[in-house]
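Enquirer: In order, the protein sequence lines correspond to chains A and B.
The numbers in the working numbering rise by one with no breaks, and the one at position 33 of the first sequence is 231.
The numbers in the working numbering rise by one with no breaks, and the one at position 172 of the second sequence is 1332.
After the structure tokens below, expect a handful of questions from me.
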Amino acid sequence: MSTTTQNDVNFYQAKKGIMSWVYTIDHKRIGIMYLIASSLALFAGGAFALMIRAQLATPGGMLPMTPEYKDTYNMWFTLHGVIMVFLFIIPAIPAALGNFILPLMVGAKDVAFPKMNLASFYLYVIGAAIALYGIVGGESPLTTGWTFYLPYSKETAGAVITMTFAAFVLGFSSIFTGINFIVTIHKLRAPGMSWYKMPLLLWALYATSILQVLATPVLGITLLLLIAERTLQVGIFDPALGGDPVLFQHFFWFYSHPAVYIMILPGMGIISEVISCFSRKVIFGYKAIANSSIAIAVISFLVWGHHMFLSGQSVYAGLVFSFLTFLVAIPSAIKVFNWVATLHRGSITFETPMCYALSFLFLFTIGGLTGLPLATLSTDIVLHDTYYVVAHFHYVMFGGTVIAFFSGLHFYWPKMVGKMYNETVGKIACIIVFIGFNVTFFSQFFLGYTGMPRRYFTYDSSNELWSQMHGFSSIGAFILGFGVLILFANLIASLFSDRKAPNNPWGATTMDWETQSPPVLENFSEDVPVMKKAPYEYE
Amino acid sequence: MSSKVDTNKFIPRFVSHHFSNADQEFESCKLGMWLFLLTEFMLFGGIFVAYVVFRTWYPETFESGAEKLDWKMGAVNTVILITSSVTMAVAIREVQLNRKGRALALLLFTVLCGMGFLVVKYFEYNHKFELGIFPGDFFSFMGDHMSNEHLYFSIYFMATATHVLHVILGLLAILWVSWRTAKGEFYEAYYTPVEMVGLYWHLVDLIWIFLFPLLYLTK
Ligand code: HEM
Ligand SMILES: [Cu+2]
């Protein structure tokens, strides 16, 4: 393991003052700003999650049982979803970690369009500000759920226009990141880095970007049509005017299903890097993992109908979508098998990023497998819109993406800030998160399987199983929240410590680790860095 | 950092710091632009899908709606836009040949065409509004029409208004490169912005070429 540290002027020191951040076009600073902003969103979304769980801890709940308070509860889960999806999980890995790491990994000085990168960040901030206005600006609360289904979202008094407009702006921000990444990977790779010598995180970010570029505009037009529906009464989605509310669902999921892969693919990329690094082994099945990222990107455009098995879509469409959904599980499974094979006979060490990566393997597998009964027409009739779905997607989105984000955050933290965090505390936080997560969400499979519907603010108090499981779930949520707090406290504390990070603390082999920690202004000390050895060449 | 040679003096004026040469920069911009055009296609794709769905549901309504549009106006606009695409393409050629004056004239002619398109569209919209032909629930046309005809006009107005917005943005972009052409910033070795704006303008044109037959020539 390399312990060298250099002391050249790093990119933080190169320019000083608040303006050096406001006008920066340095991908590293933009990545850091994205990281701070999306972490704040994680905390905001998390606060709503804890309120939801507090309400459901007992059948009586903490809100009075009157109709107005139902809306309060509806607002909580809506804002939880909107914030987590649009403000945290979509930008967190690509725009925050990806922005920082991708140019380092390809051996470039910056992304292809640095100004567009900054514009992307500002659009994110503007989108967030509009969303915030929608929440506290005095409009009645948004209660549609993150899915904005018609006709309710046309009839409700809630802040639908403000929030959809916020999501529209955030979409632009996401598109800009996507375009930037694709072009950077195509055009700015270091000499020697052919496509099949790219680190797998790059393949993952590439596939993600394709989805961002192709799917997000469809969300854009959908949200614009929804706004037109409310303002101009165009009727396209309104059955009362001869329109079709199911068409809205088609449009929405045509974006939002690929969006779940926008969320998971970068996470998968991080796991490939981390598992190979801490097993000291060439990744098993490099090409299979790389190609499966692209396969996921392609197939994920063809499965959106599995969210609409019960929405009055034709049975034949349902059959086809069911089949295609099974198909998309294959490339995900290929990755899991390859990661496990990489572990086999590796010299595994259990640093914090690796602990998160291993819990990813476990949790993502559960998440993926529980998707299959949802993809099966007959079983989905029972499971649709129950807590089973809630448990499924939290296993993939939290157990998968967020855990991978935590893994990447710990992996790249020394590179990003130049300090080492406390390993022991990091591992303890990881274990608390793992336990808290499973207590919170495994109980929800039982709830859903026995028929507890999602999005309800109370439940039958005579059902003992439900009382128990909801109780468990709520306790788990607070354990989980506590774990996440420790995780961030540990990282922030490292900033004030004097444990300077070496350039390559984990002994990883990709180009990003050849830079200084933190990197200098234009990343590499050579003007044109050359890729010397293939990724994952461990002795 | 300190060991680095200052390569800045060898690099032409417009190559940004993170590209190694002008070709790489040009190729990157071009790829970026094509990706952006792809997003525009997907955006309009949504409207086209809505069109297909409702045309399948209400075929007669769509014919009756299309009859209320003036295909001659649409045809004039089609000719105008195709002409403007040609002049835009030639303008780029002139920039590449360092003929600034001609390039500028052609760019401004393109702008003129675009404005002509908007004027025609204005008259078309105005006529519709006078007859009470509005989208959706505001549809108050008194003459002969089918029961769901407001939906046809919802799609007509959403599609054409989104397109008009693109025309306006395109015009602003062409004015911007015209201004820079006038200042003499483009020459055979550097004309990326003109080329990119040109691509964008062709897209705006192309979308209209789809919209025109679908909306006006339904019969
Ligand atoms: C391994 C493959 C997967 C399969 C087979 C699968 C299958 C499904 C199906 C059929 C549904 C619809 C259930 C219903 O509403 O009745 C669903 C919901 C959902 N899935 Fe997955 N899924 C998979 C992976 C993922 C991943 C990787 C993510 C995100 C990172 C994800 C996120 C979601 C979300 C957010 C929902 C619910 C959305 C909502 O209704 O609010 N899924 N999944
Ligand atoms: Cu899906």
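Backbone N, C-alpha and C define an ideal beta-carbon position, used for all residues, glycine too.
Opposite Thr-584 (chain A) in the DSSP bridges: which residues?
Expert: Its beta-bridge partners are A:Pro-651.
Enquirer: Go ahead and label Glu-427 (chain A) buried or exposed: buried means 16 or more other beta carbons lie within 10 angstroms of its beta carbon, across all protein chains shown.
Expert: With 16 or more Cβ atoms within 10 Å of its Cβ, Glu-427 (chain A) is classed as buried.
Enquirer: Going by DSSP in three states, Asn-1286 (chain B) sits in which element: helix, strand or coil?
Expert: Asn-1286 (chain B) falls in the helix class under three-state DSSP.
Enquirer: Could you pull out every residue in the same chain whose Cβ sits closer than 7 Å to the Cβ of Val-1337 (chain B), ignoring the five residues on either side in sequence?
Expert: Taken in chain order, the residues that qualify are Leu-1267, Pro-1353, Val-1354, Val-1357.
Enquirer: Which residues of the segment 1293 to 1313 of chain B have a Cβ closer than 7 Å to any Cβ of chain A? Give them in chain order.
Expert: Cβ contacts with chain A come from Pro-1295, Gly-1296, Asp-1297, Phe-1298, Asn-1308, His-1310, Leu-1311.
Enquirer: Pull up the distance between the alpha-carbon of Glu-1284 (chain B) and that of Phe-1317 (chain B), whole angstroms please.
Expert: Those two C-alpha atoms are separated by around 11 Å.
Enquirer: Check each candidate in A:Leu-409, A:Ala-364, A:Gly-565, A:Met-361 and name the one with the smallest Cα separation from Phe-379 (chain A).
Expert: Selected option, being the one with the closest Cα: A:Leu-409.
Enquirer: Can you check whether the C-beta of Gly-1225 (chain B) is within less than 8 Å of a C-beta belonging to chain A?
Expert: No, because no Cβ of chain A sits closer than 8 Å to the Cβ of Gly-1225 (chain B).
Enquirer: Rounded to the nearest angstrom, what separates Pro-571 (chain A) and Val-588 (chain A) at their Cα positions?
Expert: Taking the straight line from one Cα to the other gives about 13 Å.
Enquirer: Taking the straight line between their C-alpha atoms, what separation do you get for Met-466 (chain A) and Lys-479 (chain A)?
Expert: In a straight line, the C-alpha of Met-466 (chain A) is about 17 Å away from that of Lys-479 (chain A).
Enquirer: Which parts of the segment 466 to 549 of chain A are runs of the alpha helix (DSSP H), unbroken and 4 residues or longer, counting only runs that do not cross its ends?
Expert: Correct list: 484 to 497, 513 to 541.
Enquirer: Is Leu-1195 (chain B) close to chain A, meaning its C-beta is less than 8 Å from at least one C-beta of that chain?
Expert: By this cut-off, Leu-1195 (chain B) is an interface position.
Enquirer: Given a limit of 8 Å on CB to CB distance, which residues of the segment 394 to 418 of chain A reach chain B?
Expert: Against chain B - using a Cβ distance shorter than 8 Å - the residues of the segment 394 to 418 of chain A are Val-411, Leu-412, Ala-413, Thr-414, Pro-415, Val-416, Gly-418.
Enquirer: With H, G and I counted as helix, E and B as strand and the rest as coil, what does DSSP make of Glu-735 (chain A)?
Expert: It is coil, neither helix nor strand.
Enquirer: Nearest chain A C-beta to Leu-1287 (chain B) closer than 8 Å, yes or no?
Expert: Looking at the sequence itself, residue 1287 (chain B) is His, so the reference to Leu does not match. Chain A contact via Cβ: absent.
Enquirer: Under a CB-based cut-off of 8 Å, is Asp-442 (chain A) close to chain B?
Expert: For Asp-442 (chain A), the answer is yes, since a Cβ of chain B falls inside 8 Å of its Cβ.
Enquirer: Is Lys-1164 (chain B) helix, strand or coil when you go by DSSP?
Expert: Legend: pLDDT at Lys-1164 (chain B) = 40, less than 50; position of this residue unreliable, no value from coordinates given.
Enquirer: Could you spell out the range, first to last residue, of the alpha helix (DSSP H) harbouring Ala-365 (chain A)?
Expert: Taken as a continuous stretch (DSSP letters only), the alpha helix (DSSP H) holding Ala-365 (chain A) covers 358 to 385.
Enquirer: Which residues, taken in chain order from the segment 431 to 463 of chain A, show a beta carbon closer than 7 Å to some beta carbon of chain B?
Expert: If the cut-off is 7 Å between Cβ atoms, the segment 431 to 463 of chain A has Gln-431, Val-432, Gly-433, Ile-434, Leu-439, Gly-440, Gly-441, Asp-442, Leu-445, Phe-449 near chain B.
Enquirer: Look at the Cβ atom of Ala-294 (chain A), then the Cβ atom of Ile-469 (chain A), and state whether they are nearer than 8 Å.
Expert: Result no, Cβ atoms of Ala-294 (chain A) and Ile-469 (chain A) do not sit closer than 8 Å.
Enquirer: Closer than 8 Å, CB to CB, is Glu-1355 (chain B) near chain A or not?
Expert: Answer no: the Cβ-Cβ gap between Glu-1355 (chain B) and chain A never drops below 8 Å.
Enquirer: Between the alpha carbons of Phe-209 (chain A) and Glu-720 (chain A), how many angstroms are there, rounded?
Expert: Cα to Cα, the separation comes out at about 8 Å.
Enquirer: Excluding five sequence neighbours on each side, which residues of the same chain lie with their C-beta closer than 8 Å to the C-beta of Ile-497 (chain A)?
Expert: Result list for Ile-497 (chain A): Leu-522, Leu-525, Val-526, Pro-529, in chain order.
Enquirer: For ligand 2, any of its heavy atoms closer than 7 Å to the Cβ of Val-501 (chain A)?
Expert: Yes, since a heavy atom of ligand 2 falls inside the 7 Å radius drawn around the Cβ of Val-501 (chain A).
Enquirer: Are at least three pairs of beta-carbons, each pair with one atom in the segment 311 to 323 of chain A and one in the segment 227 to 238 of chain A, less than 8 Å apart?
Expert: Touching, yes.
Enquirer: If you check the beta carbons only, do Ala-402 (chain A) and Ser-491 (chain A) fall under 8 Å apart?
Expert: Yes; because the gap between Cβ atoms is below 8 Å, this pair is in contact.
Enquirer: What residues of chain B sit near Ala-426 (chain A), judged by a beta carbon separation below 7 Å?
Expert: The contacting residues are Met-1318.
Enquirer: Report the three-state DSSP secondary structure of Tyr-657 (chain A) (helix, strand or coil).
Expert: Looking at Tyr-657 (chain A) - three-state DSSP - the assignment turns out to be coil, as it is neither helix nor strand.
Enquirer: Please report the straight-line C-alpha distance between Gly-332 (chain A) and Met-1248 (chain B), rounded to a whole angstrom.
Expert: Distance between the alpha carbons of Gly-332 (chain A) and Met-1248 (chain B) is about 43 Å.
Enquirer: For the segment 644 to 659 of chain A against the segment 259 to 269 of chain A, do three or more pairs of beta-carbon atoms, one drawn from each stretch, fall closer than 8 Å, so that the two count as touching?
Expert: Segments in contact, yes.
Enquirer: Give a yes or no on whether 8 Å exceeds the smallest Cβ distance from Leu-261 (chain A) to chain B.
Expert: Judged by the 8 Å Cβ criterion, Leu-261 (chain A) is not in contact with chain B.
Enquirer: Whose C-beta lies closer than 8 Å to the C-beta of Ala-531 (chain A) among residues of the same chain, with five residues either side of it excluded?
Expert: If we look at Ala-531 (chain A) and ignore the five residues flanking it on each side, its Cβ neighbours are Gly-566.
Enquirer: Given that a residue counts as buried once 16 or more other Cβ atoms are within 10 Å of its Cβ, and exposed if not, what is Pro-727 (chain A)?
Expert: Buried.
Enquirer: Identify the contact partners of Gln-1256 (chain B) in chain A, using a Cβ-Cβ distance below 7 Å as the criterion.
Expert: What Gln-1256 (chain B) touches in chain A: nothing, since even the nearest Cβ is about 22 Å away.
Enquirer: Of all Cβ atoms in chain B, is any one closer than 8 Å to the Cβ of His-384 (chain A)?
Expert: Output row for His-384 (chain A): interface = yes.
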